[in-house]
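Each residue of the sequence shown is one higher than the last, beginning at 151 in my numbering. Read the structure below first, then the notes.
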Amino acid sequence: MKSLDKIKKRVDLELERYFQRATVEASKRDEELGSALEYVHKITMAGGKRLRPALMQFGYIAAGGKNLKEINKVSISTELIHMFLLIHDDIMDRGTKRHGVETAHVHYQKICQRASRDKDCAHFGTSIGILIGDTLHSLGNQVLYNSAFEPRHITRALMKMEDVVYRTIAGQVKDVRMEYTSQASEKDVLQMYEFKTARYTFEGPLHLGAILAGGQDELLKILSDYSVPLGIAFQIQDDILGLFGSEKKLGKSVASDVEEGKQTLLIVKALEWADQRQQEIIRATLGKSKVTKGELEVLRAVVRETGSLEYARTLAREKTLEGKAAIEKANVVPVAKKFLLEIADHLLNREI
């Protein structure tokens with residue numbers, strides 16, 4: 151999608167400038183902190199669509215905002231918050247790769263192992279990872295606080311940012327809990343998708359941009375009606391890619407969600423509709439520490455056979471249409487409306 155690619159280039163340039171400045175400043179205070187930010191810089195630039203900064207910018211445009219240079223600059227706040235949450239998420243998921251690069255806690259675990267063989271290096275890596283994530287949370291808020299927008303809009307945006315983080319944590323709590331539940335319900339899964347993805351990746355950035363342009367509650371409601379169903383559709387599609395995609399495109403193991411015991415919509419509906427043999431296959435594979443390619447193929451076949459894959463695809467399409475309908479009938483700046491409709495189709499049709 152050309153418009154998203156253009157924004158990504160501008161945001162990446164701003165991120166490069168930001169990390170260079172932030173690393174120098176951090177190194178003045180503490181050399182280790184500067185080194186940590188250098189590594190986060192590496193992970194950040196290794197991948198990512200910059201969807202959140204793009205949505206923040208078009209939320210701003212939708213509300214009539216004109217200072218495009220400043221909104222591009224401040225939109226990196228969403229990427230810093232994103233990295234804060236991802237680093238903590240990688241710790242909880244025991245992830246080893248992010249965008250094809252070693253996750254922060256694994257990187258620091260290996261640094262510890264090279265320096266000493268008689269220390270608890272896994273704990274060290276986890277501790278440093280948590281602290282790096284906390285640092286990025288602080289930096290994301292600072293970018294927003296130091297922006298050139300009206301102080302009253304900045305205050306409102308900061309409150310929104312923290313509300314987004316709060317809701318995301320609520321979604322993560324539900325996600326973690328469901329890994330230890332024998333079988334979650336579709337309602338549980340969709341609520342988790344709403345908090346962890348729809349409110350965080352879609353509604354939050356759109357609201358932040360609109361708020362900085364002085365957008366009122368009526369516009370925020372329209373943006374919510376668009377973004378929440380679209381965000382759920384995005385997560386459903388993400389789960390499909392996570393099970394049926396390729397490691398090269400994902401930047402992590404295609405078996406990682408299965409090994410972590412993730413109760414995605416695909417898994418929940420497959421369990422609901424499976425016969426006894428199929429249920430045994432799912433339960434034997436889900437949460438297994440090392441899933442072979444053969445075992446993964448058998449699980450994929452079960453998800454197809456039960457009708458779960460087709461159900462998930464249909465629901466993703468329905469949610470996308472629901473979101474598009476909300477923005478199509480709204481009185482929104484035309485260029486913003488065009489982008490939001492295009493991004494909806496683009497995200498639904500991502501290739502496996």
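Where a beta carbon is used, it is the ideal one built from N, C-alpha and C, also for glycine.
Does the Cβ-Cβ distance between residue i and residue j come in under 8 angstroms?
i              : j                 : result
arginine 317   : phenylalanine 274 : no
threonine 351  : aspartate 389     : no
isoleucine 477 : isoleucine 372    : yes
tyrosine 343   : isoleucine 382    : yes
methionine 206 : serine 225        : yes
valine 251     : proline 203       : no
lysine 192     : lysine 158        : no
proline 355    : glutamate 472     : no
isoleucine 432 : valine 452        : yes
glycine 392    : glycine 411       : no
glutamine 426  : threonine 456     : no
glutamate 397  : serine 439        : no
isoleucine 231 : valine 315        : yes
isoleucine 361 : histidine 303     : yes
methionine 233 : valine 190        : yes
arginine 244   : leucine 236       : no
threonine 435  : leucine 421       : no
serine 277     : glutamate 492     : no
leucine 163    : threonine 173     : no
threonine 347  : glutamine 385     : yes
lysine 310     : histidine 357     : yes
By the DSSP assignment, the alpha helix (DSSP H) with residue i in it spans what residues?
i                 : result
alanine 272       : 271-295
phenylalanine 234 : 226-243
leucine 393       : 367-394
histidine 191     : 181-195
arginine 450      : 443-455
glutamine 428     : 426-435
lysine 337        : 336-343
alanine 360       : 354-362
alanine 266       : The identity of residue 266 in the sequence shown is serine, whereas the question assumes alanine. Looking at the DSSP string, serine 266 is not in any alpha helix (DSSP H), and its letter there is neither H nor E.
valine 408        : 406-409
In three-state terms, what does DSSP make of residue i?
i              : result
isoleucine 502 : Here the model assigns isoleucine 502 a pLDDT of 46, short of 50, so the residue's position is not dependable, and the following value carries that caveat. Note: isoleucine 502 maps to coil in three-state DSSP.
glutamate 492  : helix
lysine 216     : coil
valine 482     : coil
lysine 247     : strand
glutamate 468  : helix
glutamate 252  : strand
glutamine 322  : helix
glutamate 329  : helix
threonine 414  : coil
glutamate 300  : coil
lysine 474     : helix
serine 439     : coil
methionine 503 : The requested residue 503 is not part of the displayed model; the chain covers only 151 to 502.
isoleucine 211 : helix
serine 177     : helix
arginine 200   : coil
serine 105     : No statement about residue 105 is possible, as the shown extent of the chain runs from 151 to 502 and does not include it.
When burial is assigned at 16 or more other CB atoms within 10 Å of the CB, is residue i buried or exposed?
i              : result
alanine 486    : buried
lysine 419     : buried
tyrosine 330   : exposed
glycine 283    : buried
valine 339     : buried
isoleucine 502 : The predicted model places isoleucine 502 with a pLDDT of 46, which falls under 50 and marks its position as unreliable; any figure quoted below should be read in that light. Exposed, by the Cβ-count rule.
glycine 197    : exposed
asparagine 296 : exposed
serine 458     : buried
lysine 240     : Per the sequence shown, the amino acid found at residue 240 is aspartate instead of lysine. Classification of aspartate 240: buried, given that the 10 Å Cβ count is 16 or more.
glutamate 353  : buried
glycine 290    : buried
alanine 475    : exposed
glycine 321    : buried
aspartate 407  : buried
glycine 215    : buried
leucine 201    : buried
alanine 298    : exposed
alanine 265    : exposed
leucine 218    : exposed
glutamine 170  : exposed
Is residue i near the ligand ZN, going by C-beta to nearest heavy atom under 7 angstroms?
i             : result
threonine 435 : This structure lacks the ligand ZN; in fact it carries no ligand of any kind.
Quick test of your reading: residue i and residue j, contact by CB under 8 angstroms. State the CB separation rounded to the nearest angstrom.
i           : j                 : result
serine 227  : leucine 294       : 5 angstroms
alanine 213 : alanine 363       : 4 angstroms
alanine 466 : leucine 498       : 6 angstroms
glycine 359 : phenylalanine 208 : 7 angstroms
alanine 176 : leucine 183       : 4 angstroms
Chain D beta carbons: is any one of them nearer than 8 angstroms to that of residue i?
i          : result
serine 335 : Structure shown: chain D not included; a single protein chain is present.
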